[in-house]
Amino acid sequence: MTWADVLTEPTRKPSYPTRPTYTPPQVRLHNPNPIPSSYAHYTHPRFNSTQLGQPSSARGRGYGRRYSSTTPRWTAKSPTQIPFEGIHIADDTINNETNVGVGSASAINFDAYEDIPVEATGDNIPPPVAAFDDIDLGEGLNRNIRRCKYVKPTPVQRHAIPIAVAGRDLMACAQTGSGKTAAFCFPIICGVLGTPRSHFVDGTRVAYPLALILSPTRELSCQIHDEANKFAFKTGVRVVVAYGGTPISQQFRKLERGVDILVATPGRLVDMIERARVSLRKVRYLALDEADRMLDMGFEPQIRKIVQQMDMPPPGTRQTMLFSATFPNEIQRLASDFLSNYIFLAVGRVGSSTDLITQRVELVQEIDKRKHLIQLLRAQKANGNHGKHALTVVFVETKKGADILEHWLSMHGFPAIAIHGDKVQMERERALRSFKSGATPILVATDVAARGLDIPHVAHVINFDLPKDIDAYVHRIGRTGRAGKSGLATAFFSDKNQSLARALVELMQEANQEVPSWLFQYAESSTYGSTNRANKPGGSKFGGYDFRYGAQSGSDTSYHLSAHGNVESSVDSYAASPGAVCCSVPANSDYYAAASADSYETPASSEYFAVANDYNYSLPPSAECHAAATEDSYGSVVPSGWD
DNA sequence: AAAAAAT
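All residue numbers for the first sequence refer to UniProt numbering, where the first residue is 1 and numbers rise by one.
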């Protein structure tokens with residue numbers, strides 16, 4: 001089979017590992033567990049089922065039955081419906097349908113959806129909600145949620161929103177693309193709406209944001225700002241973004257017009273605070289996106305400075321929410337300095353889109369990499385897969401390497417553009433635009449593009465240079481396979497990557513991927529206790545576990561290991577899912593049928609959109625919808641009813 | 001040792 005075949009190969013029938021039994025919240029809450037109490041939906045390695053407070057046979061479904069298991073096909077909806085893009089949408093174009101589907105028979109198995117494993121630990125955990133309406137988020141916000149066509153909350157939203165609205169601090173593990181941004185934006189906007197706002201309090205030009213959202217890259221801050229703005233549309237809540245590489249004066253002007261929610265990268269924020277143009281004195285909500293990245297070696301001092309050494313109210317007097325796909329123990333420990341009596345939440349996905357990403361590893365020595373890449377891209381092109389729909393991201397290790405490869409690809413007839421931190425911001429944004437539009441369907445990127453960015457139509461992620469860290473790999477390949485589409489991730493493995501072998505093997509096995517035998521050999525010969533997180537205690541590649549449990553028992557180190565080391569089916573299925581490469585789609589074979597029918601060689605079919613759109617939690621508010629509907633540079637088939 | 005993030 002050629003590489004190109006892999007792209008066109010019909011999506012593999014996902015094999016579902018044994019799923020843990022769902023525990024209804026009303027039952028879970030009666031759980032007499034010690035503090036921190038737990039409502040693990042699956043049999044946690046630490047707690048056998050008897051500790052869940054009832055015989056396992058009594059743990060059934062029921063919660064999910066509250067939904068009518070119906071699927072209004074989007075074709076049945078008002079033809080005036082268009083994706084919500086903020087400003088230019090008149091209210092009357094919005095279909096006011098409720099969150100609960102009515103009518104026709106359903107192809108969606110809600111029980112499967114309910115099985116998505118969730119672990120929440122901490123004191124007095126607010127129960128999850130089934131619908132956005134179950135929590136009073138305010139009329140304005142509810143209207144925007146409908147505009148975004150969020151039919152019902154994603155798993156992470158169902159759990160995180162009630163926790164956040166209750167004012168609790170939160171540490172949440174959930175993959176980017178699973179509706180994480182909304183999960184912290186909704187409660188923040190809701191909270192800001194309920195807070196008396198008075199800008200320019202003291203007649204100076206100091207801005208006093210009520211909420212601060214920090215992210216590790218400028219582009220990601222932009223993306224969050226756009227989302228938040230959309231959610232805050234016509235609510236009177238003002239969202240401003242601040243990041244480097246662009247004139248600060250313009251950002252000051254925005255601040256002067258009033259700011260409630262400030263989205264920022266750390267450097268620029270510190271600058272603004274030091275110039276006394278921003279004060280954190282009134283911050284009531286603090287959110288860190290990609291929190292593990294924000295607290296790792298490179299960022300930690302800056303974050304500590306912002307959170308602890310400026311005028312930010314201390315934990316307990318502000319609400320702090322940390323979101324990330326991965327939460328290593330060490331990072332949890334650091335993070336707990338910023339939190340007060342927090343709830344730890346890990347949301348996974350059954351039959352996660354890992355199943356939709358085919359992971360391949362090729363043994364390629366450094367010297368052969370470029371040649372190999374060209375061959376790979378040629379095969380892809382020959383197979384008709386490199387048309388307007390298929391975008392490819394090529395990850396490299398260094399900025400210089402990115403430039404070199406961009407040039408090399410262009411020389412060989414592959415329109416490529418590089419993005420990395422040595423480019424000026426204008427170039428970075430231009431590169432991203434050029435890539436998204438399909439003008440240069442190959443993006444050569446450093447890790448600047450590894451996290452959080454939601455780029456529709458990425459069919460293929462190539463790890464030209466593998467990262468040192470398996471987390472980075474998880475984040476990188478998560479750029480594809482989004483919104484229920486199949487994706488391909490190819491890695492060039494060289495002798496240099498030996499230390500990654502073991503973690504890579506484990507990851508691929510958990511995701512039911514074929515592991516080449518030579519890779520097993522690398523894994524075996526690699527030294528135990530290498531730099532891979534998977535080899536270290538606490539090395540949870542997927543989401544994580546509340547480190548407070550480990551601390552309680554005093555066996556902090558072996559606990560996490562056993563969670564992933566044991567190939568116990570229920571645990572394993574959990575491990576495989578939050579891992580998470582990608583979007584949270586309903587785990588349902590019909591869904592997959594529809595989604596897989598739409599692989600990248602064919603334009604998105606309207607049937608695909610029907611399913612994806614109704615189960616909107618696979619789609620970020622409008623990035624995907626909007627792209628599909630308007631970016632005809634892809635030559636997309638635009639579903640009827642969309643402008 | 002690299003990338004990111006302020007000027």
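We put the beta carbon where it would ideally sit given N, CA and C, even for glycine.
- Counting only runs of at least 3 residues, the region 449-508 fully encloses the following beta strand (DSSP E) elements, listed from N- to C-terminal order: 458-463 and 487-493.
- Under the 8 Å Cβ criterion, the region 287-306 does not count as touching the region 137-145, having fewer than three qualifying pairs.
- Taking a contact to require three or more Cβ pairs closer than 8 Å, the region 263-279 and the region 236-251 qualify as touching.
- Ile-477 sits close to Val-461, with the two beta carbons spaced by under 7 Å.
- Cβ contact annotation for Val-237 (same chain, cutoff 6 Å, sequence separation greater than five): Ile-189, Val-192 and Asp-260, in chain order.
- Look at Val-165 here: in three-state DSSP terms it is helix.
- Setting aside the 5 residues that flank it on each side, Thr-195 is surrounded in the same chain by Leu-210 and Arg-284, each with a C-beta closer than 7 Å to its C-beta; the list follows chain order.
- Arg-430 and Asp-311 have their C-alpha atoms spaced approximately 36 Å apart.
- Leaving aside the five residues that flank Lys-234 on each side, the residues in its chain whose CB is nearer than 7 Å to its CB run, in chain order, Gly-140.
- Around the beta-carbon of Asn-329, 16 or more other beta-carbon atoms lie within 10 Å, marking it buried.
- The count of Cβ pairs closer than 8 Å, one atom from the region 295-313 and one from the region 444-457, stays below three, leaving the stretches out of contact.
- CA-to-CA, the gap between Ile-248 and Ser-279 works out to about 16 Å.
- Counting C-beta pairs with one atom in each stretch, the region 373-382 and the region 154-167 have fewer than three that are closer than 8 Å, which means they do not touch.
- Per the Cβ contact rule, the region 431-449 is not in contact with the region 497-507 (fewer than 3 Cβ pairs under 8 Å).
- For the pair Val-515 and Leu-295, the Cα-to-Cα distance works out to about 32 Å.
- Counting of Cβ neighbours within 10 angstroms places Pro-301 among the exposed residues, the total staying below 16.
- Runs of beta strand (DSSP E) with 3 or more residues, each lying fully within the region 271-342, are found at 285-288 and 319-324, listed in chain order.
- Straight-line spacing of the CA atoms in Ala-166 and Asn-124 works out to 10 Å.
- In the three-state DSSP reduction, Ile-145 falls in the helix class (H, G or I).
- In terms of CA proximity to Ala-164, Pro-187 leads the group Pro-187, Thr-181, Gly-401 and Lys-180.
- By the beta-carbon neighbour count (other beta carbons within 10 angstroms, threshold 16), Thr-204 is exposed.
- Taking C-alpha positions only, Gly-316 is separated from Ile-303 by approximately 18 Å.
- Each of Arg-433, Leu-443 and Met-426 was checked against the Cα of Leu-409, and the nearest Cα belongs to Leu-443.
- Nearest C-alpha to Leu-339 among Met-321, Leu-466, Leu-356 and Val-347: Met-321.
- Between the alpha carbons of Pro-456 and Cys-185 lies a distance of about 21 Å.
- Assignment of beta-bridge partners to Gln-359 by DSSP yields Ala-489.
- For Ile-189, the enclosing alpha helix (DSSP H) begins and ends at 180-193.
- In this structure, Ile-116 lies away from Thr-181, with their beta-carbon atoms at least 7 Å apart.
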